[in-house]
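For reference, the structure discussed in these notes is given below.
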Amino acid sequence: MTAQSSITNHQLPITKKIALYLPLTKPSQSGLLLATGVAGYMSAHTPPSLPLLLVMCASLFLAIGGSTILNMWYDHDIDAKMRRTQKRPNASGQLTRAEIFRGGMIASVLGIGWAVAIHPLYGFVVFLGWFFDVVVYTLWLKRRTCWSIVWGGISGAMPILAGRVLAVGEVEIIGLLLAASVLFWIPTHTLTFSIKFFDDYNAAGVPTFPSTYGFETTRAIIALSSIIAAASIGTASVMIGVQAGILRLLIVLSSGLLLLSFATVFRPSERVNFSLFKYASLYMLAAMILLSI
Amino acid sequence: MKMTSLDRILLFLTGILAAYQVAVGVNGLGEGPIIAYTVGFGVLLVAGLLLIILGFEALDSPVVVIVSTVIPLAIALGLVWEHLASFRTSYLVFVIVGFLAVTLTRSIPISGKIPTLVLAVVHGIAGLTIFLLPSILAANGTMKPAFALVGLGGALIGLAGLLLSFLKAGKPIVPRETILKILPSLLLLMTICFVAGFKFG
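So the sequence lines, in the order shown, correspond to chains A and B.
Just so we're aligned, residue 1 is where the first sequence starts under the working numbering, counting upward by one.
Just so we're aligned, residue 1001 is where the second sequence starts under the working numbering, counting upward by one.
Right under this line is the structure:
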């Protein structure tokens, strides 16, 4: 960071400074994870408590946002090397590293603390998600092995489990199946991303599946994980007892996901890869809405 | 041609209506029609989402011709299964053979007019079935008058299917720009007709 940008940074009004934290929370990704948490809670189909749902959303958003900000704090050097992320406040110097760390820690402590206060087991699951994301994925494995995404995936699967735990009060098979559906959906999302931005990740020296095992193997893993994700959502839906119409719609949307996954294996192209990347996000959002009905 | 925000909104609404038809609109029907309509409207839903994601470039894919055949075939089969019990088996055979014929003539390079002819015959029969059957059932009082809207949807799907198929076959009936301009509205109008016809008919 230059002296000029440091001076500019200190002169920023507090509201603008806070606004700089927003992109550090990756709003779309955090929003999607929050949606899985809400779906986990609603999937229990217990009489919903709006105040409880609201505090769940707030605590979950703070914990997810906090862990994402800490990820940005640690990965500022990687983000500065990748064209896609160079303009983020952590890479461009709009916020100092100390400020980012403080913001991430405050959000994390508030989110996890609030979650524990709401329900200890719910709080523990939220903490697990934070721990896997910040400690295991970001600090330990991301720069060492492409398999780090499995741990990142486990972290991403925690919000839906947390929501379910808050509603039913225990960790049960449906909650674990829902968590598995997110866990196996995440490679569909992240691996297509690592294919799309292959050069960027290489330039930053981040090990990815395409750079370690090649594109063909990566595409096969995407297809396999899509099948498992769709099967997990389907099984969880049947066990939850969703209406036949909702199940039909889930089957239709899952078929689209599977077809695109197979297309990436047998007819690979930039366009198919991009379609799968976008469709997978839409699919997860739609599945979460359907499970909540 | 670039897809506008309005096009995306129209396609999104088409997808929502198709999703409604899959989830709610076919409740209470027999197993056969439910499967057929789920396939038809399900393909419409997924195709709509892919169009939103990829824009009109998605129409450059060779799969478009096959997909635009599945929708009318499945809906026509559902109608026949529901209302013409004595034709169930023969129509199912036509649907399977028709689908395979379109897929094969689009997958294997065949010179001459055979691919276009196959496409026109399959689309024509499926389109006429969706147009005529509901119209006749509504006219003779077997179904409520609103069921004729399904027939109108059939006419529109026949039109959309033919426009797309001949565009893909390299022999567009009207210029590509015109087709792309009206396609989102046409798909939405068609889906509205289907959903309303099935609900109120």
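The C-beta atom is built at its ideal place from N, Cα and C for all residues, glycine as well.
Values in this document were obtained by computation on a predicted structure and should not be read as measured data.
Determine the DSSP secondary structure at residue i, reduced to helix, strand or coil.
i: M1001/B; result: coil
i: P1172/B; result: coil
i: V38/A; result: helix
i: A263/A; result: helix
i: H45/A; result: coil
i: R88/A; result: coil
i: H119/A; result: coil
i: P207/A; result: coil
i: M1/A; result: Caution is warranted here: a pLDDT of 44 is assigned to M1/A, below 50, making its placement in the model unreliable, and the coordinate value is therefore given only provisionally. M1/A: coil per DSSP, three-state reduction.
i: N202/A; result: helix
i: Q29/A; result: helix
i: K81/A; result: helix
i: K1144/B; result: coil
i: L1060/B; result: At residue 1060/B the sequence reads Asp, which differs from the Leu that was named. In this structure, D1060/B counts as helix in the three-state DSSP scheme.
i: K142/A; result: coil
i: S1111/B; result: coil
i: D75/A; result: coil
i: G1055/B; result: helix
i: P1033/B; result: helix
i: L1006/B; result: helix
i: P1072/B; result: helix
i: L52/A; result: helix
Anything in chain A within Cβ reach of residue i, meaning under 8 angstroms, just list it in chain order.
i: V1022/B; result: G245, R248, L249 and V252
Under DSSP, the alpha helix (DSSP H) around residue i begins and ends at which residues?
i: Q94/A; result: Unbroken run through Q94/A: none, as it is neither H nor E.
i: M158/A; result: S148 to V168
i: W185/A; result: I173 to K196
i: G241/A; result: It is not in any alpha helix (DSSP H) - G241/A carries neither H nor E in the DSSP assignment.
i: Y283/A; result: E270 to S292
i: A1023/B; result: Unbroken run through A1023/B: none, as it is neither H nor E.
i: A1085/B; result: Unbroken run through A1085/B: none, as it is neither H nor E.
i: Y21/A; result: I14 to L24
Residues of chain A with CB under 7 angstroms from residue i, in chain order?
i: I1114/B; result: Here the premise fails: no neighbours, minimum Cβ distance about 25 angstroms.
i: T1038/B; result: R248 and V252
i: I1053/B; result: S275, K278 and Y279
i: N1027/B; result: G245
Name, please, each residue of chain B whose Cβ falls closer than 7 angstroms to the Cβ of residue i.
i: K17/A; result: Here the premise fails: no neighbours, minimum Cβ distance about 33 angstroms.
Got a sec: is the Cβ-Cβ distance from residue i to anything in chain B below 9 angstroms?
i: G256/A; result: yes
i: R271/A; result: yes
i: S261/A; result: no
i: L176/A; result: no
i: Y201/A; result: no
i: T2/A; result: Summary for T2/A: the model assigns pLDDT 44, below 50, so the residue's position carries little reliability; its value from the coordinates is reported in the next sentence. Answer no: the Cβ-Cβ gap between T2/A and chain B never drops below 9 angstroms.
i: S6/A; result: Its pLDDT being 47, under 50, S6/A is placed unreliably in this model, and the value from its coordinates should be taken loosely. Output row for S6/A: interface = no.
Between residue i and chain A, is there a C-beta pair that is closer than 9 angstroms?
i: G1042/B; result: yes
i: A1019/B; result: yes
i: I1066/B; result: no
i: L1045/B; result: yes
i: R1106/B; result: no
i: E1057/B; result: yes
i: I1034/B; result: yes
i: L1186/B; result: no
i: T1014/B; result: no
Assuming residue i and residue j form a contact by the criterion Cβ under 8 angstroms, report the distance between their Cβ atoms to the nearest whole angstrom.
i: T218/A; j: L191/A; result: 5 angstroms
i: I187/A; j: I149/A; result: For the record, residue 187/A in the displayed sequence is Pro; it is not Ile. Indeed they touch by this definition, with Cβ atoms about 7 angstroms apart.
i: P1072/B; j: G1161/B; result: 6 angstroms
i: V1102/B; j: V1122/B; result: 6 angstroms
i: L253/A; j: Y283/A; result: 5 angstroms
i: V126/A; j: S59/A; result: 7 angstroms
i: S1165/B; j: S1068/B; result: 6 angstroms
i: I227/A; j: L258/A; result: 6 angstroms
i: M56/A; j: G163/A; result: 7 angstroms
i: V38/A; j: S232/A; result: The pair is not a contact, with the Cβ atoms about 18 angstroms apart (cut-off 8 angstroms).
Along chain B, which residues have their Cβ under 9 angstroms away from the Cβ of residue i?
i: L282/A; result: L1049, I1052 and I1053
Heavy atom of the ligand SAM less than 8 angstroms from the Cβ of residue i, yes or no?
i: L60/A; result: Ligands are entirely absent from the displayed structure, and the ligand SAM is therefore not among its contents.
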